[in-house]
Each structure stands twice: as C-alpha cells, then as structure tokens.
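Protein chains: 2
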Amino acid sequence: MNEINKRSPGRPRSPQSHQAILQATLDLLAEVGFDAMSIDAIAARAGVGKTTIYRRYSGKEELVADAIESLRQDVVIPDTGQMGSDLDALIENAAQIMLSPLGRQTVAMIISSASNNSQFAQIYWTKYMQPRRQAFAVVLERAKARSEIRPDLDAGLVFDIMSGIMLFALIFQPTSESWEEYVRRALNLLFKAASI
Amino acid sequence: MNEINKRSPGRPRSPQSHQAILQATLDLLAEVGFDAMSIDAIAARAGVGKTTIYRRYSGKEELVADAIESLRQDVVIPDTGQMGSDLDALIENAAQIMLSPLGRQTVAMIISSASNNSQFAQIYWTKYMQPRRQAFAVVLERAKARSEIRPDLDAGLVFDIMSGIMLFALIFQPTSESWEEYVRRALNLLFKAASI
DNA sequence: GTATTTCGATACAAGATAGTTTCGTAAAAA
DNA sequence: TTTTTACGAAACTATCTTGTATCGAAATAC
Numbered sequence: 002m003n004e005i006n007k008r009s010p011g012r013p014r015s016p017q018s019h020q021a022i023l024q025a026t027l028d029l030l031a032e033v034g035f036d037a038m039s040i041d042a043i044a045a046r047a048g049v050g051k052t053t054i055y056r057r058y059s060g061k062e063e064l065v066a067d068a069i070e071s072l073r074q075d076v077v078i079p080d081t082g083q084m085g086s087d088l089d090a091l092i093e094n095a096a097q098i099m100l101s102p103l104g105r106q107t108v109a110m111i112i113s114s115a116s117n118n119s120q121f122a123q124i125y126w127t128k129y130m131q132p133r134r135q136a137f138a139v140v141l142e143r144a145k146a147r148s149e150i151r152p153d154l155d156a157g158l159v160f161d162i163m164s165g166i167m168l169f170a171l172i173f174q175p176t177s178e179s180w181e182e183y184v185r186r187a188l189n190l191l192f193k194a195a196s197i
Numbered sequence: 002m003n004e005i006n007k008r009s010p011g012r013p014r015s016p017q018s019h020q021a022i023l024q025a026t027l028d029l030l031a032e033v034g035f036d037a038m039s040i041d042a043i044a045a046r047a048g049v050g051k052t053t054i055y056r057r058y059s060g061k062e063e064l065v066a067d068a069i070e071s072l073r074q075d076v077v078i079p080d081t082g083q084m085g086s087d088l089d090a091l092i093e094n095a096a097q098i099m100l101s102p103l104g105r106q107t108v109a110m111i112i113s114s115a116s117n118n119s120q121f122a123q124i125y126w127t128k129y130m131q132p133r134r135q136a137f138a139v140v141l142e143r144a145k146a147r148s149e150i151r152p153d154l155d156a157g158l159v160f161d162i163m164s165g166i167m168l169f170a171l172i173f174q175p176t177s178e179s180w181e182e183y184v185r186r187a188l189n190l191l192f193k194a195a196s197i
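And the structure:
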C-alpha cells in the first residue's frame with residue numbers, strides 16, 4: 002500500500018501545471034488577498050484550465066493551504082559568538098517574511114478565519130513560526146552557556162514577545178522610526194529583563 | 002457657516018435609520034467579516050432600504066469606517082495605588098476588545114488592507130489604541146512617582162510590547178495556558194526589565 | 001494499437017453582488 | 001397648500017463567481 006504507485010494507466014498529472022498553480026496562488030494571495038482572488042484568476046495566471054485545479058482541490062481553502070505549505074523556508078541558525086549579532090540575523094530574516102505582501106495577507110487570513118477555521122493558523126505556526134522559535138531557542142541556549150543571559154529564561158516566551166512587537170509595529174507603525182529601528186529599541190528593553 | 006443648519010427643506014434624514022445602519026454594520030462585521038458582508042445584508046438587518054445606505058455612503062469602506070468610528074469607548078484610568086492591580090484592570094479591558102469577534106475582524110481588516118488603504122488602521126489607532134496608550138502612560142507615571150519602576154521607562158514602548166504579545170497570543174495560542182495566564186506571564190518577564 | 005486518464009478550452013447554469021432607478025408615501029420648510 | 005427631500009420596497013442591469021460538463025488532443029500503461 003505504501004509503494005510508489007505510478008502504475009495507473011492514462012496520462013499522468015503534469016507536475017509543471019501543479020507547480021504553476023501553486024505559484025499563481027501565492028502570487029495572487031500576495032497581490033489581492035484571499036477573498037478577492039478567484040479560482041478563475043488563478044487558473045488564468047497559471048496558464049491552466051479551471052478543470053485542472055478542481056481536479057486537484059475541492060476549493061480555495063484547500064488550494065491556498067497547500068500552496069502555503071509548499072513553501073520551503075530553511076531556517077539558518079546564526080552562530081556569531083555573540084547573542085546581539087545572532088539576534089540581528091534572526092530579526093532580519095523574520096522581517097523579510099512578515100513585511101512581505103504574502104506574509105501580511107497570510108496573517109490577515111489567519112486572523113479573519115480564526116474563529117471558524119484554524120487550519121491556516123496551524124500551517125503557519127508549524128511551517129514558519131515553530132522552526133524559527135526553535136532556532137531562537139538554540140541561540141538563547143548558546144547565550145546562556147556564555148552567561149550572557151539568565152539561565153532560567155523562557156526562550157519561547159521571549160520569542161513570542163519579540164514576534165508580537167514585530168507584528169504590532171507592522172500593523173500600526175506607532176512611531177516615525179523605521180520598522181527595524183523600532184523593533185530593535187523594543188528588544189533592547191526586553192533584554193534588560195533577560196540579562197539580570 | 003458654522004451654525005447648525007436644520008433649515009434645509011424636505012424631510013430630514015432619520016437618526017433612527019442611521020443608528021440602525023451603523024449597528025447592523027458592526028454586527029455583521031463581527032459575524033461574517035468585512036469581505037463576506039454585503040450592503041444588501043446590512044440594509045436587511047437594519048430594516049432599511051438599500052437606497053438609504055447609498056444616500057449616506059459611497060460604499061462599504063466608507064460605511065464600515067464610519068461605523069467603527071462611531072463606537073464610543075471610554076477608557077477608565079485605574080488608580081488602585083499599586084501598579085500591579087492597575088495593569089490588571091487595563092489588561093482586562095484590552096482583552097475584552099481584542100478577544101471580541103468585532104475586534105478580531107477589525108484587526109484582520111486592518112492588516113489585509115494595510116498595503117492599499119490605511120484608513121482603518123488610522124481610525125483604530127486613534128479611537129482605540131491611542132487613548133489606552135495614554136491611560137497606560139498615566140498609570141506608569143504614577144508608578145514612577147511611587148518608585149515602582151525605572152523613571153526613564155518608555156511607557157509607549159512598554160504598551161506596544163504588551164499589545165503585541167496580546168495580539169500574538171490571540172492569533173497563535175502558543176501554549177495550552179489560557180490567554181490571560183499567558184499574557185500575564187509575559188508581562189511578568191517584561192516588568193523585570195522595568196523595575197531595575 | 002487500445003484503453004484510460006489528464007490536458008486546456010469553452011460553455012453553461014445558478015447564484016450573489018453592486019449600484020441605479022422608479023414608485024408611492026411620509027415628513028419637514030415656506 | 002406647495003415644494004422639497006427622505007423614506008422603504010422593488011425592479012433592474014451588469015458583472016463576477018462557483019462548480020460542472022463537454023470537447024478534441026495529448027500522454028501513458030498494457
């Protein structure tokens with residue numbers, strides 16, 4: 002049952018079309034958002050027939066969920082020997098994701114559908130947040146080993162606070178500073194608590 | 002030019018209908034979200050004709066913006082004599098807003114439209130965040146006067162970090178704790194930095 | 001070759017929505 | 001009373017979207 006079954010007769014599904022569909026989905030999601038994008042538009046952008054999409058997915062939710070899940074994002078754990086520069090690298094990486102149109106629309110999708118449907122939040126958490134949360138924990142472990150921070154610090158919690166302020170700054174732009182500047186200032190404050 | 006002009010002839014616009022429209026808009030926004038709600042549905046729920054809505058607003062954006070703006074939310078500045086209990090009161094108040102369906106959908110709306118249109122973010126910031134941010138600053142000023150926290154602490158920044166973690170916890174529910182418990186734990190960590 | 005399945009294209013039915021117009025009625029000013 | 005504007009209801013046009021069905025052509029297993 003677990004063998005690779007390529008034995009079915011008939012024309013196989015085109016991997017090119019499949020890839021084009023996923024890419025078109027991500028492009029349109031970033032450009033117009035979840036609600037404003039139609040299956041028709043995705044098919045047109047991908048250069049495939051609508052039938053080809055409906056043969057693979059039951060609807061937009063399933064398609065978008067798969068498209069987001071298909072994005073492989075490798076997380077590099079920085080190790081410069083100093084916590085400060087390690088964190089800089091992580092922030093830079095996080096900023097690239099959260100500040101992108103795709104990131105914004107994904108987050109909006111998660112929030113707006115959170116009450117009825119948490120599948121997007123689940124995927125986003127598993128694919129994006131969790132790996133970075135763990136990378137962050139590694140960085141903090143090394144910092145603890147170098148006695149840069151308190152050994153009892155909850156890395157997950159610190160990560161969540163960091164992510165929270167990034168998200169908040171993304172939405173409201175509370176000051177006239179740049180996003181990066183503001184986030185960095187918040188982290189300075191936060192790490193006064195960490196270094197006691 | 003600034004006098005109250007009730008002198009125009011003809012039947013005046015019904016304040017009852019106006020109020021019903023705003024209320025129906027907020028109800029539907031909370032229930033189904035911005036994109037899924039139609040002007041037809043709003044008119045039906047409000048018990049008015051579609052014409053009556055189009056006579057007042059050019060479209061959904063304008064209507065929703067006005068509806069959100071119409072919500073008067075008084076902020077009480079707690080003054081228990083202890084910063085801890087003051088903060089508890091503020092958190093409780095913030096939680097009621099952010100955890101409500103209306104709050105969720107509003108935030109989702111802000112994020113998803115942020116790139117093309119920042120009017121929702123502007124309104125939400127001015128009407129909800131800004132007053133609370135200032136109330137928070139007052140509470141912290143009193144705490145500084147009692148030497149409970151460092152005198153150079155940036156109250157706005159602390160507020161933003163607080164709001165950020167609340168938002169983050171709302172979206173992702175990172176642990177199995179309750180939302181309130183988790184937020185409280187994050188604030189404990191944060192205020193270790195404040196009390197140096 | 002034959003059977004089977006996917007391909008992209010197109011047509012289609014059914015429904016939702018936006019925004020306008022029309023209509024007879026109601027409320028106010030002059 | 002006359003004029004003017006708003007009222008709710010309904011009709012209406014135009015467009016968009018969904019999901020299904022049909023078509024001849026292409027790709028693969030046997």
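Quick note, the sequences are listed as chains A and B, same order. Take the first sequence: its position 38, counting from 1, is numbered 39 in our numbering, and each next residue is one higher. Take the second sequence: its position 5, counting from 1, is numbered 6 in our numbering, and each next residue is one higher. Even glycine gets a Cβ: it sits at the ideal position worked out from N, Cα and C. What you are looking at is a predicted structure, and each value in this text was computed from that prediction instead of being measured.
- Less than 9 Å separates the beta-carbon of Ile-92(B) from that of Met-163(B).
- Three or more Cβ pairs drawn from the stretch 68-80 of chain A and the stretch 126-133 of chain A lie within less than 8 Å of each other, which places the two stretches in contact.
- In the three-state scheme derived from DSSP, where H, G and I count as helix and E and B as strand, Arg-12(B) is classed as coil.
- Counting only the Cα atoms, His-19(B) lies some 12 Å from Pro-13(B).
- For the pair Val-184(A) and Ala-170(A), the CB atoms are nearer than the 9 Å cut-off.
- Distance from Gln-123(A) to Phe-35(A) at the Cβ level is roughly 16 Å; contact not present, criterion being Cβ atoms closer than 8 Å.
- Annotation for Pro-152(A): Lys-145 place their beta carbon closer than 6 Å to its own, counting only its chain and skipping 5 residues before and after.
- Under the 8 Å Cβ criterion, the stretch 83-103 of chain A counts as touching the stretch 172-188 of chain A, having at least three qualifying pairs.
- Note that the C-beta distance between Ala-109(A) and Ala-31(B) is not below 9 Å.
- Taking 8 Å as the upper bound for CB-CB distance, Gly-165(B) and Leu-168(A) are in contact here, some 6 Å apart.
- Between Ala-68(A) and Thr-26(A), the CB-CB gap stays under 9 Å.
- Contact between Ile-172(B) and Ile-112(A) holds, since their C-beta atoms are separated by about 6 Å, short of 8 Å.
- DSSP places Leu-100(A) outside both helix and strand once states are collapsed to three, so it counts as coil.
- Any Cβ of chain B closer than 9 Å to the Cβ of Met-110(A) would place that residue at the interface, and such an atom is present.
- For Phe-160(A), the enclosing alpha helix (DSSP H) has its first and last residue at 156-173.
- Among the CB atoms of chain A, one or more fall inside 9 Å of the CB of Thr-176(B).
- Going by DSSP, Lys-128(B) is part of no alpha helix (DSSP H) at all; its letter is neither H nor E.
- When the five nearest sequence neighbours on each side are left out, the beta carbons in the same chain lying within less than 7 Å of the beta carbon of Gly-50(A) are those of Ala-44, in order along the chain.
- Take the alpha-carbon of Ser-148(B) and the one of Gly-85(B): they are about 13 Å apart.
- Where Glu-62(A) is concerned, the enclosing alpha helix (DSSP H) starts and stops at 61-71.
- Residue environment: Gly-11(B) is assigned as exposed (fewer than 16 neighbouring CB atoms within 10 Å of its CB, all protein chains considered).
- Contact check for Arg-56(A) against Leu-29(A) fails: the beta carbons are separated by 9 Å or more.
- Shown here for Leu-141(A): same chain residues with a beta carbon closer than 8 Å to its own, the five before and five after excluded, namely Met-84, Ile-150, Leu-154, Ala-156, Val-159 in chain order.
- With distances taken between CA atoms, Leu-100(B) lies nearest to Ala-115(A) out of Leu-103(A), Ala-115(A), Pro-102(A), Ser-101(A).
- Non-local beta-carbon contacts of Trp-180(A) in its own chain, meaning distances under 6 Å to residues more than five positions away in sequence, involve Ala-170 in chain order.
- Taking 9 Å as the cut-off, the Cβ atoms of Val-77(A) and Ala-136(A) count as close.
- Against chain B, the beta carbon of Leu-29(A) has no neighbour under 9 Å; the closest one sits roughly 14 Å away.
- One finds Phe-173 in chain A with Cβ atoms closer than 7 Å to the Cβ of Met-130(B), taken in chain order.
- In this structure, Gln-120(B) places its C-beta atom within 9 Å of the C-beta atom of Ala-66(B).
- In the three-state scheme derived from DSSP, where H, G and I count as helix and E and B as strand, Val-108(A) is classed as helix.
- With respect to the 9 Å criterion, Leu-191(A) and Ala-194(B) are classified as neighbours on the basis of their beta carbons.
- Less than 9 Å divides the Cβ of Ala-21(B) from the Cβ of Gly-48(B).
- With contacts defined by Cβ atoms closer than 9 Å, Arg-143(B) and Asp-80(B) form a contacting pair.
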